[in-house]
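Take a look at the structure below.
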Amino acid sequence: MAQATLTITMPEQIWIQQLSTAYPGATFRVLAAVPGSDTGFALVRIAGPDVADIVEDMRGHDQLTELSLAQYSDNEVTVHFETTDPLLLFSSRDSGMPIELPVEIVDGEATIEVTGSRDRLAELAEQLEHFGLQYRIEHVRERLHESQLLSDRQLEVVVAAVEEGYYDTPRESSLTELAEQLDIAKSTCSETLHRAEEAIIKRFVEDLPGVEGDTLEEQLATR
Numbered sequence: 001m002a003q004a005t006l007t008i009t010m011p012e013q014i015w016i017q018q019l020s021t022a023y024p025g026a027t028f029r030v031l032a033a034v035p036g037s038d039t040g041f042a043l044v045r046i047a048g049p050d051v052a053d054i055v056e057d058m059r060g061h062d063q064l065t066e067l068s069l070a071q072y073s074d075n076e077v078t079v080h081f082e083t084t085d086p087l088l089l090f091s092s093r094d095s096g097m098p099i100e101l102p103v104e105i106v107d108g109e110a111t112i113e114v115t116g117s118r119d120r121l122a123e124l125a126e127q128l129e130h131f132g133l134q135y136r137i138e139h140v141r142e143r144l145h146e147s148q149l150l151s152d153r154q155l156e157v158v159v160a161a162v163e164e165g166y167y168d169t170p171r172e173s174s175l176t177e178l179a180e181q182l183d184i185a186k187s188t189c190s191e192t193l194h195r196a197e198e199a200i201i202k203r204f205v206e207d208l209p210g211v212e213g214d215t216l217e218e219q220l221a222t223r
């Protein structure tokens, strides 16, 4: 399973691009959404200094129908509506790749999280292009449970090391004492910890923003 973060740039002719760029200080947070056969329905929370103007512009936009307010205050409003151009929803539906909610849209760009097979991720990329949505991949990695990241033995040793205070400052347990507690050789304990630490640290670094990895094409080529 691949887990990816994408930034989507909306086409200029779409209402959300027009309104979010006209009001760049506003955040459009999609709380719930479902595609229909030709339209889409969404519940969106809008926060910012110009929510009254935004709602007025939404009411007058021909791509939005059945607009109603679920909650309203000076700087925040929750809106339910139907749209005739739910391109992101259609891309998700036609690729079979669910988009995790909520999704935030600011100044014409949406940041989305998706999890699925690399085949589905590749299909999502194709559907985004089909609907005229520009995108960039911020991050792609395999989604592994902790039990997949470490072997059972590595997990056992790491947990024991934490419980015995091996990673405390100052240390409450030496490597020798930890090995004795686990009834294993000191060299075995050291090697097991090192391999576990390597896996954990590499996963941590992979998740850091701005750390360069393979291109999208290279990543999808390994699916």
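full-length UniProt numbering puts the first residue of the sequence shown at 1, with every later residue one more than the last.
Cβ coordinates follow ideal geometry from the N, Cα and C atoms, glycine included.
Remember, predicted model here, so these are calculated numbers, not experimental data.
Given this structure, state the Cα-to-Cα distance separating residue i from residue j, to the nearest angstrom.
i      : j      : result
Val34  : Glu198 : 42 angstroms
Ala221 : Leu101 : Because the pLDDT at Ala221 is just 45, under 50, the model does not fix this residue reliably, and the value given afterwards should be weighed accordingly. Cα to Cα, Ala221 sits roughly 28 angstroms from Leu101.
Leu67  : Met1   : 37 angstroms
Ala4   : Glu180 : 42 angstroms
Leu6   : His194 : 33 angstroms
Gly40  : Val140 : 28 angstroms
Thr115 : Thr192 : 31 angstroms
Leu150 : Glu104 : 33 angstroms
Leu19  : Asp57  : 8 angstroms
Arg153 : Thr188 : 11 angstroms
Pro24  : Ser73  : 19 angstroms
Thr83  : Ser117 : 29 angstroms
Asp166 : Asp38  : In the sequence as displayed, the identity of residue 166 is Tyr instead of Asp. About 60 angstroms.
Met97  : Asp85  : 18 angstroms
Leu69  : His61  : 16 angstroms
Go through its chain and collect everything with a Cβ distance to residue i's Cβ below 6 angstroms, but skip five positions before and after it.
i      : result
Pro123 : Reading the sequence as shown, one finds Glu at residue 123 and not Pro. Ser95, listed in sequence order.
Val158 : Ala196
Val106 : Thr27
Using a threshold of 8 angstroms, state whether the C-beta atoms of residue i and residue j are closer than that.
i      : j      : result
Ile46  : Ala32  : no
Ala160 : Leu182 : yes
Val51  : Val30  : no
Ala42  : Phe81  : yes
Ser91  : Leu121 : no
Ile112 : Ile8   : yes
For the beta strand (DSSP E) containing residue i, name the first residue and the last one.
i      : result
Ile16  : Per DSSP, Ile16 belongs to no beta strand (DSSP E); it is in the alpha helix (DSSP H), 15 to 22.
Thr39  : Unbroken run through Thr39: none, as it is neither H nor E.
Phe81  : 76 to 83
Ala2   : 2 to 9
Gln71  : 64 to 72
Ala110 : 109 to 116
Within the same chain, show all residues whose beta-carbon is closer than 8 angstroms to that of residue i, passing over the 5 residues directly before and after it, in chain order.
i      : result
Leu87  : Met10, Pro11, Ile14, Phe131, Gly132, Leu133
Arg59  : Leu67
Lys186 : Leu175, Thr176, Ala179
Glu172 : Glu164, Gly165, Tyr166
Out of the options, point me to the one whose CA is closest to residue i's CA.
i      : options                      : result
Asn75  : Pro49, Met97, Ile99, Asp57   : Pro49
Glu109 : Val205, Ile16, Arg93, Leu155 : Ile16
Glu163 : Leu150, Glu177, Ser151       : Glu177
Gln71  : Thr65, Arg93, Val44          : Val44
Glu126 : Arg93, Glu113, Leu155        : Arg93
Glu138 : Glu206, Ala185, Asp62, Thr83 : Glu206
Ile54  : Phe28, Ser37, Asp38, Thr65   : Phe28
Ile200 : Tyr135, Leu155, Asp168       : Leu155
For residue i, decide whether its Cβ has a neighbour in chain B, counting only Cβ atoms nearer than 8 angstroms.
i      : result
Thr115 : Protein chain content of the structure displayed is limited to a single chain, and chain B is not contained in it.
Taking 7 angstroms as the limit between beta carbons, can you name the residues of its chain near residue i, skipping five residues before and five after?
i      : result
Leu89  : Ala33, Pro35, Gly40
Lys202 : none
Ser190 : Leu175
Can you determine whether any heavy atom of the ligand NAP sits closer than 7 angstroms to the C-beta of residue i, and answer yes or no?
i     : result
Gln71 : This structure simply doesn't include the ligand NAP, nor any ligand for that matter.
What residue range does the alpha helix (DSSP H) around residue i cover?
i      : result
Glu191 : 186 to 206
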